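Participant: Structure provided below as C-alpha cells; questions to follow.
Number of protein chains: 2
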Amino acid sequence: MIHPRTLRVGYDQTISVVCVVGSELNVNLNRSAPPSSRFFSVKCTPSVQYSIGPSPQKTYHFSPIPLNGNSVLLIRMSHASQHENDSKLSVWYYGVSKEVLGRAVLHLTAVEISLDVDADRDGVVEKNNANKASWKWGPNGHGAILLVNCDSEWTWRKKPDREQENVSKVSDLKDMSVMVLRTRGPAKLPEGYKLTMHISQGDAESVRVFRPRTSETKNNTLPGKHFYKYFVKDYPLVLSSEVLSQEVPYLGEAAEMNFYVEGLKFLDKDFSGLIRVNLSLLEPISPGLPETPIFTDTVVFRVAPWIMTPNTLRPVEVFVCSTSDNNQFLKSMRNLVIMSGYKLKICHEFVNRGDRWMQDELEFGYIDSPHHRFPVVLDSPRDGELLDFPYDELLGPDFGYVTRVAQKKDVSSLDSFGNLEVSPPVTVNGKHYPLGRIIIGVAFPTATKGRNMTKVVQDFLWAQKVQEPIALFSDWLYVGHVDEFMTFVPAPDRKGFRLLLASPDAGYKLFRGLHNVGHGQAKLFEGLGHEEPITVDEILNDEGLQAENNYVQSCIDWNRDVLKRELGLDDEDIIDLPILFKLVVEDKTEYKAVAYYPDMVNMIVLGKNLGIPKPFGPKVNGHCALEAEMCYLMEGLGLSCTFIDDFASYHQLLGEVHCGSNVRREAFDFKWWNLEM
Amino acid sequence: MIHPRTLRVGYDQTISVVCVVGSELNVNLNRSAPPSSRFFSVKCTPSVQYSIGPSPQKTYHFSPIPLNGNSVLLIRMSHASQHENDSKLSVWYYGVSKEVLGRAVLHLTAVEISLDVDADRDGVVEKNNANKASWKWGPNGHGAILLVNCDSEWTWRKKPDREQENVSKVSDLKDMSVMVLRTRGPAKLPEGYKLTMHISQGDAESVRVFRPRTSETKNNTLPGKHFYKYFVKDYPLVLSSEVLSQEVPYLGEAAEMNFYVEGLKFLDKDFSGLIRVNLSLLEPISPGLPETPIFTDTVVFRVAPWIMTPNTLRPVEVFVCSTSDNNQFLKSMRNLVIMSGYKLKICHEFVNRGDRWMQDELEFGYIDSPHHRFPVVLDSPRDGELLDFPYDELLGPDFGYVTRVAQKKDVSSLDSFGNLEVSPPVTVNGKHYPLGRIIIGVAFPTATKGRNMTKVVQDFLWAQKVQEPIALFSDWLYVGHVDEFMTFVPAPDRKGFRLLLASPDAGYKLFRGLHNVGHGQAKLFEGLGHEEPITVDEILNDEGLQAENNYVQSCIDWNRDVLKRELGLDDEDIIDLPILFKLVVEDKTEYKAVAYYPDMVNMIVLGKNLGIPKPFGPKVNGHCALEAEMCYLMEGLGLSCTFIDDFASYHQLLGEVHCGSNVRREAFDFKWWNLEM
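Residue numbers (the numbering used here), protein chains in the order written: chain F, 1 to 677; chain U, 1 to 677.
And the structure:
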C-alpha cells in the first residue's frame, strides 16, 4: 500500500522535486491556489503519471477542471530519470471565466531506491521483496536472518569478532548477512539530497553494519560469487551502538552497493531477536535546519537462535580429556570413535589441569542462516579447571563462542552441562518440535531450598524458543545431572528414537531373576582391586538399599511422567535399564543418590555404536548379566554396545563415560526458520 | 487432557495413596508382579474407577486377565473421601494354573483440589475453569488479570503499596486479585502430605501473594461480598521474591480459602506481563528426602497495562497551577471548567514553586481489571519544580503512581509530557485500535544528533502494547512537544473525532484573504502592552517569515503523512488551523520553531467545550479574524470555543493553555483484555 507524501506547490513558482519511483506525491491544489481560482488543468512530460482526486466529471481533453476544497493531485514517476529535472509537470489555475490566474511548475527527478535482503531465505539477495520489512515463521514465511558474529577470524590473540568494532579479517564478511542498496537515476543526486542508513537506539545494541569503501559492481554480487576486497580498512563501519545514522554514497545510474550486517547479541530475556535497518532519502532545507527524510525503505532481520544437537544426529568429533590416570579409558574411547568413523580430539592435561568432565564445561550447538552456518559452543558458568578450554581451544574461524556470566554464589553442580540435553524431534498433541526440546534438571518447583540451574543460563535457553525447554527434577542426585538417569538412542521404528531411563525396578527384577535360577551367589565388582565384590543375594537382602532404590525409582518415575507428557511419548517409546543407586549424605541432613555400579545410561551415542560404562555386574556362565541385558535391549534397535571400563577413573569420581566426553554433531537438515511458531 | 502419574505397587504390600479427583494413577502391573505371574485380577470399592490397558479380551466376570509386558492399570477416584483410606483396590496375581502368587493392596484417599481465579473475567472467581492456566486475548479469550499495586492506602507517610512487603491496610486487598483454593476431602490430609503454593524465580520479581491467617468460609467469597479481617497482621505473606514456595493450610472437608495476589512490576522491555502461580500436593518420602509434588494446579495472570485517555473521553478533573502572575488565566480556566461541569484542582505555588507546566510533569492514565480499576499517574523524568507533585499530591488510595528513572544527561525537553498524547480509537487497514494509539515526538530517525524522548520512557510506552505508539517528528520545535502542532477534538460524524493541525499555509491564506478584501492594515497584538502590534500586510510582506513558515509547514506535513498512515485518516478527518510560527536560533547554529501568536491548537478539550489560547489576531469589524475562523471551523462540529488570554503568563514563556493544564478523564468503556492481539 502506497502512502503518498504531501508536497506543497505554490503558484507562480518553479520548484524542483525528487520523487522515488513507486512512491506518490500528494498536492493539495486548493491549499496553494491563487485567490479566486475556480478551475485548474495539469500538463506533464510522458514519464510523469498523475491522477486527480476526487475524480473529476468527464470533460473535454485539456479543458479546465473545477477546483473544489479537497481537490488533490497525485503524482508518480514510472521510471528513473537520466538527468536531473528531466521531467516536468505544471498546474494552471483559472478564474471564474477561465482566465489564467497563475501557474505552478514542478521539475521532477526520479530515482529508484531499494534496500534489499534475502527475505525469501534462499541465500540470494533478491530485488525489493514485498515482504522484506516483516518477519513470518514457516515454510511460507519470509524475513532475512542474521548470525551473531561470535566466531573469531583470528586464531592468535583471538576474541569473538562481535567484540571488535571493525571487520576483523576480510573472511569475516561471510559471517555477515549481505544487504544490497540498489539505486538507479542520474549520475548525481540533486544538490543537497543524500542517502542515509539508520537504526533505532534499541536495535543499535544488537547489530553493526559495514560497507565497502567504494562500490562493488553488479557482477560481483551474483550468488556465491561475492567479491571481497583484500584489506579490512576497505570496510568502514556504517552503523553501531555509537552511530545510529550515517550517510551512504549514492553511486549514480544503475548501481548496487553491498552492506554487511553482523549480529552482536544472542536472543535473551530482553531481546526477542528482531532488528530493523532503514535507508532514507533526505531532502535539504537550508543550513541550520534538519534534512527531511522524504522516502524510507526498511528491512527486517531476525537473529538466529542457538540450536542444540540430539544423539540422533550424526557425530563429527568426539572430545575427551587425557589425565594421568585415564590411559585405559582413553584407549577404549579411541578404539570406539575410530571404529565408528569419527574424529577423536584429546584435551591434554596441560589444558585440562586434571578436570576430566568434558561434558560439563560446555555444550555444542550451532547457528544457521541461508548464507552460512557454523558450530557455537555454549560455555558453562561451571568454570572448573577446564574453564579456558572452550574459549582457548574451540573459538576460532567458523567456530563460535557464547557464555552467560553468573555470580559465583548462584552457580551449583546443576550448572554443569551434563545437566543440559536435548531430545530428538517430537510431536506433542499435534504440536511439532522438529528440532526437539531442550532438557534441563532443577529442584522440584515446590522446594523451599534446593539447587537449580542458574537463572541467566535458563533465561538464555528459554529465549532461543525453537527447542522449548523442559525442566526435570535432578536435584535428587548427588551430582544432579539429567544424564545420570536418561539418554536417547536412535531407533529404526516408532518415533525414530527410544528414551532410555535408569530403573532400579528393572535392576531388582533382573537380580531376583538371577536368584530364582540359582545365581544368587554371583558377584558384582569381581576382579576390581579397588572395590569389594558383593553377591546378588547380598544386594537382594539389603532392605535399606531396596528402600533407597524405591525412592530413586519414584524420582525417575516423576521425570518419566513429565517426559511422557512433554515429549508426547508412550510407554513403548521408553526402555528401562537395570541400574541401581544408593543414597549418600549431603550437608549432614539430606540424602542424595549416586549410581551403585557404573551407570550404563550415562553412555556416549555415536550413530549405531554405544559406548557404555562397563557395569561389572554378576557373571553367569562367564558373561556379565547386566551387559547381556543391555545388549539384548539395544540389539533389538540395531545398536551395538561397547562396554568401556571407566570404574576407577570416572565412576568412583561420581561420573561415567558421558560425563567424561562430548560430541560435536552435524546440524539438523530442518531449518529453524521453517518452524511454525 | 489428563496425564497419569506413575504409581509403583509392590506385591504382598499394602500401601496408602492420596489421589486427586480428576487425576489418574498409572500402575505398570508387570513391573512389580511376582515372578512367573501369568494372570491378574482387580477388585475395588465403589468410589474407585479403574481401566486396564491394553484392553483385555472379553473374559468372564472376575476371571483372571492375562498379564503381558505392557499391562497397565489406570485408577481414578470419582469423588473426595470422607475419611483417610476409605477406598480400597487390590490386584491379585496368578501363576500359569491360576494359583494365587501374590496380592497388592492400595488404600486410597481422594481429595479435590482446585486453585481458582477469575479466568473468564467477570469479576467472580469461578470453579476450576478449564482455561485458567493460559491466556487468550479477545472477547472469547480467557485468563485472569492482575493490577500493579501502585496506589497507596496511606495518605500520610505514603509510598506505593507495592513497595511494602506487607498488606499496607486491609482496604489494600481490593487492589489485589482474589485467588481461591478450593479443597474437599477428609478433615486432615494423611500424615506428612501437605499443600504448597509456589512461583518461579522469574515471576517472583513481579508478584506477591497473601492469605488470611485463618480460613474465610465459603459464604464470604460471594461476588462483591468479600469479608475482610480488620487487622493487617491477619494477612501473612505467602509468596514473594524471597519466598518462592510455601506451605498453605489444608482446611479439611469442603473448604475455600482466599488468597490475594498483587502485581509489582509494570510491563516493560524485559517483562511481557504473564505470571503463573502453582499449587501442589506434596507426598512425604522420609526425613532428609524432598517431598514429591504429586499433583500441581496452575493459574495464569496477566498484568494490566497502563492506559492513556484521549480528548474524546469525558473529563473528571482539570489541574492547573497557581503562580504569582497567572491570576487572570486561572479565573478564565475556572469559569470554563465550572461551566463545563467538571472539577478544577489548583496546584498552589508552595507546591509548584513557580513551575506552571502542569501538562509536562505528568500524564494521567489508568489500570483496569474485572475486579477493580483506578487512575495511575505516569511521572515524567522531566523533573521540573513540579517534580514532587505527582507523588506528594496525587498518589493515594486508589490513585496509582509509576515513573521511569532516566539519567539526567539523557533527559531533554522532549521528555515533557506535552510530548506524549494519545489518539481516539481508530481502525487502520482493518486493524482495530479501540483504545487509540499513543503519540510521542522525537527527532527524525535519520538525525545524527537531535533530541529524543528518553529510552526508558519509550520502552515503557511500547511495552504496554494496547495503544501501540507512533513516533512523530517534534524536534523541529524549540520546545519540541507534539501538542504544539496537533490535537484531537470530538466530532459527531466520520470517525468520531477530527485531528486538528497547526497550518501556516492556512494562516497565510487567511491573511491574504484579509488583504484582498481591504483589511491589510488590521493589526495583530493590539492592546497588548507587552507586544508591538503588527499589521497583516507587514506579515505578508515579510519574505523571511514566509520562508520560515514554509519550512514549518513541511515539518507539519511530514507528520500529517505519518498520522494519516498510522491512524488511517483521510484528509477529511483533518482540519488545518491558521497558525504561524517563527524560527529562533538554538545552540548558535540550529533553528527551531516557536508560535508567532498564541498557538490555538494547544487547547484544552473539555467535552464539547474548547479552551483555546486567545490569538490576538487582526480585528475585522471589531472581531478577531483568527477567533472567527476558529469558531467557524469548530462550530461545524458542534464545539464551543472559549478564548483564554494566556499571552503574558504562558505564551511568552513558550507554552499555552494545554501546556499549562492537565485533564484526568474517565476510563474507556472498552476493556483492554477484549483486544484481539
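Even for Gly, the Cβ is constructed at its ideal location relative to N, Cα and C. Because the structure is a prediction, the values reported are computed rather than measured.
Taking Cβ-Cβ distances shorter than 7 Å, what residues in chain U pair up with F:L289?
Facilitator: Those within 7 Å of F:L289 in chain U are Y551 and Y591.
Participant: U:R512 CB to nearest chain F CB: under 8 Å?
Facilitator: It does: the Cβ of U:R512 has a partner Cβ on chain F nearer than 8 Å.
Participant: Specify, as a first and last residue, the run of the alpha helix (DSSP H) that F:Y632 falls within.
Facilitator: Element bounds for F:Y632: A625 to E635.
Participant: What residues in its chain sit with their C-beta under 8 Å from that of U:R103, if we drop five residues either side in the sequence?
Facilitator: Correct list, in chain order: Y11, D12, S90, V91, W92 and Y93.
Participant: Can you name the residues that DSSP bridges to F:S661?
Facilitator: DSSP lists F:V320 as partners of F:S661.
Participant: Report the neighbours of U:A447 on chain F: residues whose CB is nearer than 7 Å to its CB, in chain order.
Facilitator: Within 7 Å Cβ-Cβ: S245 and P290.
Participant: What beta strand (DSSP E) runs, 3 residues minimum, are completely inside the region 151-224 of chain U?
Facilitator: Runs of the beta strand (DSSP E) inside the region 151-224 of chain U: 177-184, 194-198 and 207-210.
Participant: With 8 Å set as the bound, which would you pick, yes or no: does the beta-carbon of F:R8 sit closer than that to a beta-carbon of chain U?
Facilitator: Chain U contact via Cβ: present.
Participant: Closer than 8 Å by C-beta to F:K158: which residues in its own chain qualify, once you throw out the five before and the five after it? Chain order, please.
Facilitator: So the list reads S152, L395 and G396, once near-sequence residues are dropped.
Participant: Between which two residues does the beta strand (DSSP E) holding U:R276 run?
Facilitator: Its beta strand (DSSP E) spans residues L274 to E283.
Participant: Name, in chain order, the residues that DSSP records as bridge partners for F:D576.
Facilitator: DSSP output for F:D576 lists F:L501 as bridge partner(s).
Participant: For F:F668 and F:L606, I'd like the C-alpha separation in whole angstroms.
Facilitator: Roughly 16 Å separates the two Cα atoms.
Participant: How about the region 289-298 of chain F and the region 339-356 of chain F: do they share at least three Cβ pairs that are nearer than 8 Å?
Facilitator: At 8 Å Cβ cutoff, the stretches do not touch.
Participant: Could you check whether the region 301-313 of chain F touches the region 419-432 of chain F, counting it as contact only if at least three pairs of C-beta atoms, one from each stretch, sit closer than 8 Å?
Facilitator: Yes: at least three Cβ pairs fall under 8 Å.
Participant: For U:M358, report the span of its alpha helix (DSSP H) as first-last.
Facilitator: Run containing U:M358: M358 to E361, per the alpha helix (DSSP H) assignment.
Participant: Between F:Y455 and chain U, is there a C-beta pair that is closer than 8 Å?
Facilitator: Strictly speaking, residue 455 of chain F in this sequence is Lys, with Tyr absent from that position. With 8 Å as the cut-off, F:K455 counts as an interface residue toward chain U.
Participant: Is it buried or exposed, F:H623, if we count other Cβ atoms within 10 angstroms and call 16 or more buried?
Facilitator: F:H623 comes out exposed.
Participant: Taking the Cβ atom as the reference point for each residue, do F:L461 and F:P469 lie within a distance shorter than 8 Å?
Facilitator: Going by C-beta atoms, F:L461 is nearer than 8 Å to F:P469.
Participant: Taking Cβ to Cβ, would you say U:H79 is nearer than 8 Å to U:P186?
Facilitator: In this structure, U:P186 does not lie closer than 8 Å to U:H79 by Cβ.
Participant: Helix, strand or coil: which one does DSSP assign to U:V351?
Facilitator: Helix.
Participant: When the Cα atoms are used, what is the spatial distance from U:G252 to U:D203?
Facilitator: The alpha-carbon atoms of U:G252 and U:D203 are separated by roughly 30 Å.
Participant: Checking 8 Å against the spacing of the C-beta atoms, do U:F364 and U:P375 come in under that value?
Facilitator: Yes, these two residues count as a Cβ contact at 8 Å.
Participant: Taking the alpha helix (DSSP H) that F:K233 falls in, what are its first and last residues?
Facilitator: Taken as a continuous stretch (DSSP letters only), F:K233 belongs to no alpha helix (DSSP H), as it is neither H nor E.
Participant: With distances taken Cα to Cα, identify the nearest neighbour of U:V757 among U:T448, U:P613, U:K88 and U:P66.
Facilitator: Nothing in the structure corresponds to residue 757 of chain U, since chain U is present only between 1 and 677.
Participant: So who's on the other strand from U:D297, going by DSSP bridges?
Facilitator: Answer by DSSP bridge pairing, in chain order: U:L279.
Participant: Could you tell me the distance, in whole angstroms, from the CA atom of U:P4 to the CA atom of U:R38?
Facilitator: Distance between the alpha carbons of U:P4 and U:R38 is about 25 Å.
Participant: When the Cα of U:E349 is compared with those of U:T323, U:K343 and U:K588, which residue comes out closest?
Facilitator: Residue U:T323 is the option with its Cα nearest to U:E349.
Participant: May I ask you to list the residues that DSSP assigns as paired with F:V376?
Facilitator: Looking at the DSSP assignment, F:V376 forms a beta bridge with F:G365 and F:G400.
Participant: If distances are taken between C-alpha atoms only, which option among U:Q546, U:G22 and U:L282 comes closest to U:G192?
Facilitator: With distances taken between Cα atoms, U:G192 lies closest to U:L282.
Participant: Tell me the DSSP secondary structure of U:D459 in three-state form.
Facilitator: Helix at U:D459.
Participant: So is F:Y597 buried or exposed if we call it buried at 16+ other beta carbons inside 10 Å?
Facilitator: So F:Y597 ends up on the buried side.
Participant: Give me the residue from U:F497, U:H515, U:G441 and U:I539 with the minimum Cα distance to U:G480.
Facilitator: Of the listed residues, the one whose Cα sits closest to U:G480 is U:G441.
Participant: Helix, strand or coil: which one does DSSP assign to U:M600?
Facilitator: Reduced to three states, the DSSP call for U:M600 is coil.
Participant: Which bits of chain F does U:S32 rub up against, with CB to CB less than 9 Å?
Facilitator: What U:S32 touches in chain F: D505 and K509.
Participant: Alpha carbon to alpha carbon, how far is F:H371 from U:P504? Give it in angstroms, no decimals.
Facilitator: Approximately 52 Å between the Cα atoms of the pair.
Participant: Measure the beta-carbon distance from U:V320 to U:S661 and round it to whole angstroms, keeping in mind my assumption that it falls under 8 Å.
Facilitator: Indeed they touch by this definition, with Cβ atoms about 5 Å apart.
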